[in-house]
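What follows is a set of notes on a single structure, which appears directly below.
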Amino acid sequence: MLILGNLNSEQSLSGKKNWLIPSLDLALGEKHNLTMSVGSRRAGKVCSGGICTDRPALDGGEIKLLSRF
Numbered sequence: 001m002l003i004l005g006n007l008n009s010e011q012s013l014s015g016k017k018n019w020l021i022p023s024l025d026l027a028l029g030e031k032h033n034l035t036m037s038v039g040s041r042r043a044g045k046v047c048s049g050g051i052c053t054d055r056p057a058l059d060g061g062e063i064k065l066l067s068r069f
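Numbering (my numbering), first residue to last: 1 to 69.
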């Protein structure tokens, strides 16, 4: 699944107002997911499904592996 995200903000310390980060999410069997992202992302808190995490700013690429036991 290809996910394309775009975040707009009027308030930015860096002067940047748009961040674009396309991601490719691959299911590796029933217990693993691999996500690859390239682009830029603003630093801050990200909440999904009741779980919040602090994410660092990104200007480049990121690979994440999620494994469930």
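We treat Cβ as the ideally placed atom computed from N, Cα and C, and that holds for glycine.
Non-local beta-carbon contacts of residue 36 in its own chain, meaning distances under 6 Å to residues more than five positions away in sequence, involve 24, 63 in chain order. Under the three-state reduction of DSSP, residue 55 is assigned to strand. When DSSP states are grouped into helix, strand and coil, residue 62 belongs to the strand group. The beta carbon of residue 28 sits closer than 6 Å to those of 34, all from its chain and outside the five residues before and after it, given in chain order. Non-local beta-carbon contacts of residue 43 in its own chain, meaning distances under 6 Å to residues more than five positions away in sequence, involve 56, 57 in chain order.
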